[in-house]
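Quick note on UniProt numbering: the sequence shown kicks off at 1 and runs consecutively.
We put the CB at the ideal spot given by N, CA and C, even for glycine.
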Amino acid sequence: MSEPSAWSTTTRRLRVLEAIALLLLARGLRKWVAMRRWASLLGENGPPAAPMALEPLAGREAVVARAVASGARRTSANCLEQAVAASLMLRRRGTRAVVVIGLDPARPDAIPHAWLVGASGSVVTGADEMPGFRPVNQFGTLE
Numbered sequence: 001m002s003e004p005s006a007w008s009t010t011t012r013r014l015r016v017l018e019a020i021a022l023l024l025l026a027r028g029l030r031k032w033v034a035m036r037r038w039a040s041l042l043g044e045n046g047p048p049a050a051p052m053a054l055e056p057l058a059g060r061e062a063v064v065a066r067a068v069a070s071g072a073r074r075t076s077a078n079c080l081e082q083a084v085a086a087s088l089m090l091r092r093r094g095t096r097a098v099v100v101i102g103l104d105p106a107r108p109d110a111i112p113h114a115w116l117v118g119a120s121g122s123v124v125t126g127a128d129e130m131p132g133f134r135p136v137n138q139f140g141t142l143e
């Protein structure tokens with residue numbers, strides 16, 4: 001097995017830095033700005049319609065998912081911050097994605113969960129906690 005080149009290591013680190021910057025931006029928006037003021041960054045708000053598949057990620061979606069997961073470990077980002085950061089990273093790379101907000105019908109007092117569905121229909125962020133949550137809203141479209 002060959003070692004990664006310096007170029008690929010640098011590229012990977014830059015992606016993680018981009019993810020960290022966007023995770024911190026998302027945290028600031030979530031904490032200090034009303035969501036109605038920044039939700040338009042994610043796209044049109046509407047009922048959930050994005051198909052979801054728990055398929056393995058590939059291509060840009062996999063690269064962004066790894067960068068956001070790495071950045072989230074360093075920033076303790078929550079699910080919404082991760083979905084927002086990944087959505088913005090994919091948009092910058094010319095790929096559509098949908099932020100989905102879900103509620104747990106068995107626990108109405110539970111905190112909502114957010115996940116990101118990529119253009120492939122695969123869940124980019126938030127898949128681990130997703131089971132048990134029913135989609136109630138989404139931001140963005142895959143068309």
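Quiz item: The alpha helix (DSSP H) spanning G71 covers which residue range?
Solution: Counted from its first residue, the sequence shown places residue 71 at position 71. Per DSSP, G71 belongs to the alpha helix (DSSP H) from G59 to T75.
Quiz item: Pick from L103, N137, R92 and I20: whose alpha carbon is nearest that of R74?
Solution: Within the sequence shown, numbered from 1, the residue matching residue 74 stands at position 74. When each option's Cα is compared against that of R74, the closest is I20.
Quiz item: How about V136 and L116: do their beta carbons lie closer than 9 Å?
Solution: For the purposes of this step, residue 136 is identified with residue 136 of the sequence shown, where counting begins at 1. For the purposes of this step, residue 116 is identified with residue 116 of the sequence shown, where counting begins at 1. It is not a contact, given that the beta carbons lie outside the stated cut-off.
Quiz item: What are the boundary residues of the beta strand (DSSP E) that includes L103?
Solution: As a first step, residue 103 is located in the sequence shown; it is residue number 103 there, counting from the start. A97 to L103 is the extent of the beta strand (DSSP E) around L103.
Self-check item: E18 to E44 span [Cα, whole Å]
Solution: To locate residue 18, count along the sequence shown from 1; it is residue 18. To locate residue 44, count along the sequence shown from 1; it is residue 44. E18 and E44 have their alpha carbons spaced roughly 24 Å apart.
Quiz item: Do the segment 119-135 and the segment 58-75 touch if we need at least three Cβ pairs shorter than 8 Å?
Solution: Taking 8 Å as the limit for Cβ pairs, the verdict is that the segment 58-75 does touch the segment 119-135.
Exercise. Determine the direct distance from the alpha carbon of A39 to that of L80, and round the result to whole angstroms.
Key: Walking along the sequence shown from the start, residue 80 turns up at place 80. Walking along the sequence shown from the start, residue 39 turns up at place 39. Annotation: L80 to A39 spans about 11 Å, alpha carbon to alpha carbon.
Quiz item: Of all the options V16, A49 and L103, which has the alpha carbon lying nearest to the alpha carbon of A65?
Solution: By one-based count along the sequence shown, residue 65 stands at place 65. For A65, the nearest C-alpha among the options comes from V16.
Practice problem: Go through its chain and collect everything with a Cβ distance to T95's Cβ below 6 Å, but skip five positions before and after it. | Solution: Numbered from its first residue, the sequence shown carries residue 95 at position 95. Only R60 and A119 meet the Cβ criterion.
Practice problem: State the DSSP-derived secondary structure class of A34, mapped to helix, strand or coil. | Solution: Counted from its first residue, the sequence shown places residue 34 at position 34. Here A34 sits in coil by DSSP.
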